[in-house]
Every structure is written in structure tokens, then in C-alpha cells.
Amino acid sequence: MKKSSAEWDNPLFIQVQTQFEAAAKKLCLDENIFQRLRVPDKALIVSVPFRNDDGAIRVVPGYRVQHNDTLGPHKGGIRYHPLVTLGEVAALAMLMTWKCAIVNLPLGGAKGGVQIDPTQLSRGELQRMTRRYTSEIVNFIGPDVDVAAPDMGTNEQVMAWMMDTYSQLKGYAIPEIVTGKPVIIGGSLGRKEATGRGVVYCLIEAAKVLGLALDSGTRIAVQGFGNVGSVAVKELEKMACKVVAVSDVRSGIYNPQGLSYQKLSEWVAQNRYLEGFPEAEAVTNEELACLDVEVLIPAATEGTLSEKIASRLQCRLIAEGANGPTTLEADKILEERGIFVIPDVLANAGGVVVSYFEWVQD
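With my numbering as the guide, the letters of the sequence shown map in order to residues 66 to 427.
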């Protein structure tokens, strides 16, 4: 494979391209199709100026990448994160193409992002920034061209602002421009929980293949306690599985007797982070991943399972709730060690499945 051009230089993009090359060889994919799919169709870079609460103007970079629309309109989330880059967004857009194809949806892949930390913005600043970003990409997206959805750092409120701004600029209501919006304005029940539930449904099927019982004796560790991780914890608790460790952006916690979803969610609602949770001991994300458990669910960010960690894992099964959580080097080690992995393009596809239903109903 030729080295990717400079604009795509990013560890995740290189990883996704390398994985695609390996898959293409195994599939004996036609060279012309391979070349067509190895890079995105289009990419847009915009400046996003908005006013802070103190009146000062701030400008941050924004991106939207469309990978492929052979199967249908581009579809993919909007990510707000201080480390977002064009290469990362391009990689995630490629993954969306594979994801939609795997679950047989008539959609292609896309992704968007703004390089900003949403936790450091007031509600007013977040709204102004979102509306300006939408206005900057308004002629690049469309209900039959490119449909947005929530991702890391965004939620149904952000989608509502995007829909409202897009509709104002077009002159009439267009609810289908985004999915994952509030039910009251055309959203779907269960969309917020869909990705996390999808991870658990995939886990159930994989456990059958492995002959692994999912019951009170099953110990599970979850990296991430956001929209994906928290829902997975809740669903696993309903199945009587024992979630012994969870983590967030700051820290991880561990209790060999199991953790209560209700208590965790109440603590996070009051304190924002898991740090200091009284009924568990503190652990790092690396320590959490290497615990003696049957199942590991990486549901945080990309690259959390490195080569170093992969060689120390004790789990039998990994369900990739996050996009690209396992590095190329770690992938090889997991295969050599016989650890069963449900890849991200399948494990976390529940969100786009329900997004498709929402898009169709609108």
C-alpha cells in the first residue's frame, strides 16, 4: 500500500487503511475497487468563529469528511474533542462505510468534528459554536446527501441545534438532516441507548459461540462510562452479570464484588466523574484492562488497547464499543493469544441502525 498523503497523516487513519488493505487481500478485492475505497471522497475544513460569554471571539477548526456513498447517502456522527484532526475524522468516516455495509444499511460513511473541549463551554457558548459550525457546512450536508448524528462530546441537544440551524437556513423544517435528536422533534425512542445495547447484543451472540455463560459468575470490565459504556453496564446488570470495573476520562474504579449501575450513575450525576466513588478502589485504565475478567469492553476512545496491554490481558472476549480501540500491534497479539474480538464496525453498529430507522421515519 502506498503511504497515505500528508493530509491524512494520523495514527488512526493509518491503522484503518492498514486493516482495510489486509481485509482486501483476504477478500481478493478488485484493485480498482480497493483504490476507490482507500481514501475518502470529499473533505471540508472550516473555521468556526463564535462568541464567548465574555464577548470575545474564538475561532476553532471544524471538519466534515465523506468517505463513500455507493450504498446510499453519507451517514456519520459529529465529534467535539480538543484533539480532533482531519485524519482522525477521515478514519472514522471510513469505519462508518464498513459499519453501514456490515449491517446491510443503504448508507455510506461520513464523520464530522470540531477541535474543542465541550466540557469547558457554557450552554450558550456550546449552542453558538454548534450553530456556526452547522452554517459553515450547510451546503456540504443534506438529508439525501450527508446526515449527521451524535458522537463523542455531542448529544441530542446538539443535534436539535443543528437541525434548527439547517432548517432556518433552508427555509423550512428538515428533521431528517440529523438523527439522534430529541423524540419531541422527530427523534427515535431508544436511539440514545442503541449503541450500548448493540454492544451487549453482540456480546450475547459471541458468548454462545465461545460457550461462555453470561451470568452472576461472569466478571466484566468496561472502559468508558459515557453513552456507550454506561448503557452497557446497565444492560449487563439486568442480565445479572458482575461488572467489576469501569472508568472514565479521569480514572477507573474496581470492586471485585461488583458495581451498582444505579449508584454509579447517581455519583456521576452529582460529581461528574467516577473519581472518588466510595465503594471501589481506584485503578488506572491500563490496570482495568488487565484485570482477571471474562469480558472486556473498551468503550472510551481509540488506541486504548496497546501492544503492552494486549500481552497482559486476562479476558476471553473483547467487545469493541469504541471506534478503533485496539492498535495494529495489539491486534496481532490478541490473534496469537486466541482472544475473541468483536470488532468495532459490528459491536457498536447499534447506533447507526436506529439512526437509519429515525432517518426513514422523518
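For glycine and all other residues, C-beta sits at the position ideal for the given N, C-alpha and C.
Please list the terminal residues of the continuous alpha helix (DSSP H) segment that includes G153.
In the sequence shown, residue 153 corresponds to position 88, counting from 1. Correcting the residue type first, residue 153 is Glu in the shown sequence and not Gly. Run containing E153: 151–167, per the alpha helix (DSSP H) assignment.
Q80, buried or exposed, once every other Cβ within 10 Å from all chains shown has been counted against 16:
Numbered from 1 along the sequence shown, position 15 holds the residue referred to as residue 80. Looking at its Cβ environment, which holds 16 or more other Cβ atoms inside 10 Å, Q80 is buried.
By the three-class DSSP mapping on this structure, what secondary structure does Q327 have?
Against the sequence shown, residue 327 aligns to sequence position 262. Helix.
Residues near I250 by beta carbon distance below 8 Å, same chain, minus five either side:
Sequence index remark: in the sequence shown, residue 250 carries index 185 (1-based). Cβ within range, chain order: A225, M228, P240.
Anticipated Cβ contact below 8 Å, Q131 with P105, distance rounded:
On the sequence shown, position 66 is the one that residue 131 refers to. On the sequence shown, position 40 is the one that residue 105 refers to. Confirmed, Cβ separation roughly 6 Å.
Where L382 sits in the DSSP three-state scheme
Position 317 of the sequence shown holds residue 382. Here L382 sits in strand by DSSP.
Can you tell me whether DSSP reads F422 as helix, strand or coil?
As a first step, residue 422 is located in the sequence shown; it is residue number 357 there, counting from the start. F422 falls in the helix class under three-state DSSP.
Say yes only if the C-beta of I407 is nearer than 8 Å to one or more non-hydrogen atoms of the ligand PLP, and no if none qualify.
Among the components of this structure there are no ligands whatsoever, and the ligand PLP is therefore not found.
Same chain, Cβ closer than 7 Å to E423, neighbours up to 5 away in sequence not counted
Here the question's residue 423 lines up with position 358 in the sequence shown. So the qualifying residues of the chain are T244, G252, S253, R256.
To the nearest whole angstrom, what separates the beta carbons of L378 and A414, a pair I think is in contact under 8 Å?
Counting from one through the sequence shown, the residue named residue 378 turns up at place 313. Counting from one through the sequence shown, the residue named residue 414 turns up at place 349. Not confirmed; about 24 Å, so no contact.
To the nearest whole angstrom, what separates the beta carbons of G317 and E352, a pair I think is in contact under 8 Å?
Residue mapping note: residue 317 aligns to position 252 of the sequence shown, counting from 1. Residue mapping note: residue 352 aligns to position 287 of the sequence shown, counting from 1. Indeed they touch by this definition, with Cβ atoms about 7 Å apart.
The segment 283–292 / the segment 359–377 touching (three or more Cβ pairs under 8 Å)
Yes, they touch.
Beta-carbon gap between L151 and I110 smaller than 9 Å
Against the sequence shown, residue 151 aligns to sequence position 86. Against the sequence shown, residue 110 aligns to sequence position 45. Cβ atoms of L151 and I110: closer than 9 Å.
Can you have a look at Y237 and say buried or exposed, based on whether 16 or more other CB atoms are within 10 angstroms of its CB?
In the sequence shown, counting from the first residue as 1, residue 237 sits at position 172. Burial call: exposed.
Residue range of the beta strand (DSSP E) that E346 falls in?
In the sequence shown, the residue the question calls residue 346 occupies position 281. If you look at E346, you'll find it in the beta strand (DSSP E) that goes 346–348.
Span of the alpha helix (DSSP H) around L77
Here residue 77 corresponds to residue number 12 of the sequence shown, with the count starting at 1. Counting along the chain, the alpha helix (DSSP H) containing L77 begins and ends at 76–92.
Alpha carbon to alpha carbon, how far is G386 from A259?
Walking along the sequence shown from the start, residue 386 turns up at place 321. Walking along the sequence shown from the start, residue 259 turns up at place 194. Approximately 11 Å, taken between the alpha carbons.
Mind checking N336: buried by the 16 CB within 10 Å criterion, or exposed?
For the purposes of this step, residue 336 is taken as the residue at position 271 of the sequence shown. Exposed, by the Cβ-count rule.
Are the beta-carbon atoms belonging to G416 and A214 less than 9 Å from one another?
Here residue 416 corresponds to residue number 351 of the sequence shown, with the count starting at 1. Here residue 214 corresponds to residue number 149 of the sequence shown, with the count starting at 1. Contact: yes.
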